[in-house]
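Below you'll find the structure, written out as structure tokens, and then a few comments.
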Amino acid sequence: MSLDLLFKPTSIAVIGASIKPDRAGSVVIRNLLLGGYQGTILPVHPKYKSVNGILCYRAVAELPLVPDVAILCTKGIRNVDLFNELAVAGVKYVIVMASDMSVLYDDDCTIEDKCLQIAHQSGIRVIGPNSLGILLPWQKFNASFSPVDCHPGKLAFISQSSAVCTTILDWAKDKNIGFSAFLSIGNGLDIDFDDILDHLSRDSKTEAILLYVDSIRDARRFMSAARAASRNRRILVLKAGRSSGVLGSSRNYSSPSFDIVYDSAIQRAGMLRVKNTHELFAAVETLTHSVPLRGERLAVITNGMGPARMALDTLTDIGGSVAQLSPETIGQLTEILPEAWSHSNPIDLIGDATPKRYCDALNVVLDSDDIDAVLIMHSPSATAKPEQTALEVIETINRHPKAKRFNILTNWSGEATAKNARLLFTEHGIPTYRTPESAVTAFMHLVEYRRNQWQLMETPTTTDSYSTEQLSKAHDWLTSHVISAPEDQPYTQLESHVCEQLFELFNLPTLPTWLAHDPTEAIHLADKIGYPVAVKLRSPDIAHKSDIHGVMLNLRDANEVSNAAQSILDRTTLSYPEARIEGLTIQQMAKVAGGQEIRVKVMCDGTFGPAIFIGQGGSEWNIDKEAVTALPPLNMALARYLIINAINKGTLRFQQSPNPVNLGKLAQFLVKISQIVIACPEIEELDIHPLLLNGDDITILDASVSIRGYTGEPQARLAIRPYPTELEETLTLHDGSMISLRPIRPEDEPYHADFIKNVTKEDLYKRFFSDVGEFNHEALANLTQIDYDREMAFVAVDLGYSTPHIIGVSRVLVTPDNTDAEFAILIRSDLKGKGLGKILMNKIIAYCRDKKTHQISGMTMPTNRGMLTLAQKLGFELDVQFEDGVADMVLRLDH
Numbered sequence: 001m002s003l004d005l006l007f008k009p010t011s012i013a014v015i016g017a018s019i020k021p022d023r024a025g026s027v028v029i030r031n032l033l034l035g036g037y038q039g040t041i042l043p044v045h046p047k048y049k050s051v052n053g054i055l056c057y058r059a060v061a062e063l064p065l066v067p068d069v070a071i072l073c074t075k076g077i078r079n080v081d082l083f084n085e086l087a088v089a090g091v092k093y094v095i096v097m098a099s100d101m102s103v104l105y106d107d108d109c110t111i112e113d114k115c116l117q118i119a120h121q122s123g124i125r126v127i128g129p130n131s132l133g134i135l136l137p138w139q140k141f142n143a144s145f146s147p148v149d150c151h152p153g154k155l156a157f158i159s160q161s162s163a164v165c166t167t168i169l170d171w172a173k174d175k176n177i178g179f180s181a182f183l184s185i186g187n188g189l190d191i192d193f194d195d196i197l198d199h200l201s202r203d204s205k206t207e208a209i210l211l212y213v214d215s216i217r218d219a220r221r222f223m224s225a226a227r228a229a230s231r232n233r234r235i236l237v238l239k240a241g242r243s244s245g246v247l248g249s250s251r252n253y254s255s256p257s258f259d260i261v262y263d264s265a266i267q268r269a270g271m272l273r274v275k276n277t278h279e280l281f282a283a284v285e286t287l288t289h290s291v292p293l294r295g296e297r298l299a300v301i302t303n304g305m306g307p308a309r310m311a312l313d314t315l316t317d318i319g320g321s322v323a324q325l326s327p328e329t330i331g332q333l334t335e336i337l338p339e340a341w342s343h344s345n346p347i348d349l350i351g352d353a354t355p356k357r358y359c360d361a362l363n364v365v366l367d368s369d370d371i372d373a374v375l376i377m378h379s380p381s382a383t384a385k386p387e388q389t390a391l392e393v394i395e396t397i398n399r400h401p402k403a404k405r406f407n408i409l410t411n412w413s414g415e416a417t418a419k420n421a422r423l424l425f426t427e428h429g430i431p432t433y434r435t436p437e438s439a440v441t442a443f444m445h446l447v448e449y450r451r452n453q454w455q456l457m458e459t460p461t462t463t464d465s466y467s468t469e470q471l472s473k474a475h476d477w478l479t480s481h482v483i484s485a486p487e488d489q490p491y492t493q494l495e496s497h498v499c500e501q502l503f504e505l506f507n508l509p510t511l512p513t514w515l516a517h518d519p520t521e522a523i524h525l526a527d528k529i530g531y532p533v534a535v536k537l538r539s540p541d542i543a544h545k546s547d548i549h550g551v552m553l554n555l556r557d558a559n560e561v562s563n564a565a566q567s568i569l570d571r572t573t574l575s576y577p578e579a580r581i582e583g584l585t586i587q588q589m590a591k592v593a594g595g596q597e598i599r600v601k602v603m604c605d606g607t608f609g610p611a612i613f614i615g616q617g618g619s620e621w622n623i624d625k626e627a628v629t630a631l632p633p634l635n636m637a638l639a640r641y642l643i644i645n646a647i648n649k650g651t652l653r654f655q656q657s658p659n660p661v662n663l664g665k666l667a668q669f670l671v672k673i674s675q676i677v678i679a680c681p682e683i684e685e686l687d688i689h690p691l692l693l694n695g696d697d698i699t700i701l702d703a704s705v706s707i708r709g710y711t712g713e714p715q716a717r718l719a720i721r722p723y724p725t726e727l728e729e730t731l732t733l734h735d736g737s738m739i740s741l742r743p744i745r746p747e748d749e750p751y752h753a754d755f756i757k758n759v760t761k762e763d764l765y766k767r768f769f770s771d772v773g774e775f776n777h778e779a780l781a782n783l784t785q786i787d788y789d790r791e792m793a794f795v796a797v798d799l800g801y802s803t804p805h806i807i808g809v810s811r812v813l814v815t816p817d818n819t820d821a822e823f824a825i826l827i828r829s830d831l832k833g834k835g836l837g838k839i840l841m842n843k844i845i846a847y848c849r850d851k852k853t854h855q856i857s858g859m860t861m862p863t864n865r866g867m868l869t870l871a872q873k874l875g876f877e878l879d880v881q882f883e884d885g886v887a888d889m890v891l892r893l894d895h
């Protein structure tokens, strides 16, 4: 159900309205009145005849009309009966303020569960429980328990915490920042982040969205909505609970939720995460007042080198770029500045700088092509009064014809002397900050946001995929190795010599490994393998072999092998007398000279499902400091970002070597791991430690895999739906040519561009209802990089060519509530009449039937007779409106 009525309510019932000033029912009524709400307010309370001068009704059944929204200002124990009454009345939106909804209602469920059951049965959508309410300043609608109101603006805020809501409102009021919508969703029992993001991404009043997140309930829905919304709205996320986690410290597979996985998910969706409220305020200041960043080169203009150096220290510490001034720019600045100026960036105007000197330097910088952004800094000075200097800088910015091309930030240091200057900048829409560090951090928010958006839109290169036969064999192999286990340990642990068989199925390079049960057998195997060898303990009860020196390397003869094997067994018996010893693995030594070792691990995150971690590794692996992570599915572009992110953060530290690591090969390896994780839901955990990188060679030296039986839809455990291989098929056209009909891939961007070049302007106009001109990368990325969970595009690929040769595309966009799917079809103009249109149309009809979508709809021009004839043959209802120049087509699937 659409949330349009929730965001434009014409009436509201306040259940539990009160005349007692401190009660929620009183505050909500007062806020509605003080906010100037022009709709109908309906107080409900059995004891009062009126509340704040408004006629009060004894019960929901007595209301003279069905309110658009009902807000429950009552204790949780009353809410089950109230939900039943609201369901009978036909109310569609309910806001629940009570925080005591988790107590038991009866033996089977809580009050919260019972209310949700009633809501689902009657079509009620719920905000809360534990909600502060909702503020819609453009509607003059303040249905909240907040002591602070807000005025209209272009920023939306969604929060799970009521306390954070009031903090943000208080700060925004002081900074004169307005909101398009302000929602406290509380526990998110029903209406959650995804529903609201879907609505706000279409809201003309909203330009940027802030989220305060405690936890995510449905990762798939959240990621789908966030990825869609972040393509046309700036989204900031403040996530609480940055607790540490340790990988490899125990054999506990209880699936905790890792903070760095949240980091990865937020980045993957093209959003920006901030660490605390201070950073949130700074980021809001920047994003609400800044043009999109065109580059990362920052120049600093200052009257004091000390603060400027602090700014640049912060910039370099967090991965920023200092602009290098060209000789021409330095020459122009030398002509207008004192001889002692810095002659470089930062541009030091000297302590006696006047407002005119600031403006002259700023004009030169804005005329330059050396920079993308400028930070103007001011320290208290007798020659440049803060307020006067700010006024003249503002005038210079407003007058300069190129100023809007740059991101301009200001830092006026000081308290009483600089406060009014900072207010002037805020009033004129120029971001301003109290400290050099906060100004640079805010600039880097823009940089990180830009990088995340690029990652969201980058076109990956094609890489090899595993065949269906390979994946089927691996699935059967895993199923055969799943062993029934007690509930407290519901997994099967596979050690290196068994994992080797699995990796061979996927053509992953390993070292030959055998299992020996005593020193004599170890010698026999070592002789067979060839020296040097490694001998390692195998025991399911000892998590880290290093605890007892259970790994002996570079053993060069039988005597060394015998001594090492016996020593390992003796130490194990002495230190862990109760431990099960399954034997000793004998492994050929890898050629490690010049090589580098890293760790790759797959774990199931409690919120987002399987995640891939990489880092240097170690027996105690602190993921906050020693790993980076990404969610599958990975393509080559995402895998490269993961590696570069690890290098930049120092979690991968490659040494100088005659055989430098081939990062492209490592990216391919990570993509293969991603494909394995997607195809094999039986894999609970996969730990490759170490993975040896030596030039182009990659070798798994040691690994363990934990598996368990899996039932249900394999893709359901993934936060992002992977490419749906099951929808691929091969067909024959009327002329006998063979085509592959499959979902579109991000890698198809260049082939899609070629396809569009073979479509006439007339056909493109019929498809897009406008002259579209040249399709740039961003437009093509939007067409090829789709969210398979809520959108589908099928491409017809002519198999008579060596590279993908797209000849037709059908596309369908499903509404979040699955009630309607809007379709579109485009065929190469020179290939019409081959039956391709009917094939593409039937493909999306079958897809929507399987998805249980209620109806398919589309729109074309009345002159597009071919499309209208096809639609009519396939059962669509047509509504041709010649005056408006449109023809609507609807096919109902729910009957």
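Heads up: the sequence shown at position 429 corresponds to 429 in full-length UniProt numbering, and the numbers run straight through without jumps.
Using N, Cα and C, we set each Cβ at its ideal position, and we do this for glycine too.
C-beta atoms of residue i and residue j nearer than 8 Å
i: residue 539; j: residue 572; result: yes
i: residue 491; j: residue 707; result: yes
i: residue 144; j: residue 28; result: yes
i: residue 319; j: residue 298; result: no
i: residue 154; j: residue 85; result: no
i: residue 441; j: residue 564; result: no
i: residue 669; j: residue 644; result: no
i: residue 828; j: residue 795; result: no
i: residue 227; j: residue 188; result: no
i: residue 377; j: residue 311; result: yes
i: residue 860; j: residue 868; result: yes
Nearest-angstrom Cα separation, counted from residue j out to residue i
i: residue 9; j: residue 69; result: 7 Å
i: residue 848; j: residue 856; result: 8 Å
i: residue 586; j: residue 853; result: 57 Å
i: residue 905; j: residue 210; result: Lying outside 1 to 895, the shown extent of the chain, residue 905 is not represented and no answer is given.
i: residue 408; j: residue 267; result: 25 Å
i: residue 834; j: residue 735; result: 7 Å
i: residue 566; j: residue 576; result: 15 Å
i: residue 53; j: residue 112; result: 33 Å
i: residue 223; j: residue 512; result: 41 Å
i: residue 26; j: residue 47; result: 14 Å
i: residue 13; j: residue 42; result: 4 Å
i: residue 423; j: residue 657; result: 55 Å
i: residue 220; j: residue 635; result: 19 Å
CB contact check: residue i to chain C, cutoff 8 Å
i: residue 450; result: Of the protein chains in this structure there is only one, and it is not chain C.
Selection from the options that minimises the alpha carbon distance to residue i
i: residue 364; options: 342, 385, 346 and 336; result: 336
i: residue 642; options: 265, 850, 389 and 168; result: 265
i: residue 800; options: 311, 738 and 379; result: 738
i: residue 476; options: 887, 680 and 6; result: 680
i: residue 330; options: 626, 343 and 339; result: 343
i: residue 384; options: 416, 406 and 351; result: 351
i: residue 280; options: 672, 438 and 559; result: 438
i: residue 119; options: 178, 190 and 376; result: 190
i: residue 415; options: 403, 402, 435 and 426; result: 435
i: residue 87; options: 101, 117 and 103; result: 117
i: residue 446; options: 871, 235 and 39; result: 235
Residues bridged to residue i [DSSP beta-bridge criterion]
i: residue 152; result: 179
i: residue 11; result: 40
i: residue 704; result: 687
i: residue 738; result: 732
i: residue 877; result: 890
i: residue 407; result: 373
query: Okay, do the region 781-798 and the region 719-726 touch, 3+ Cβ pairs below 8 Å being the bar?
result: yes
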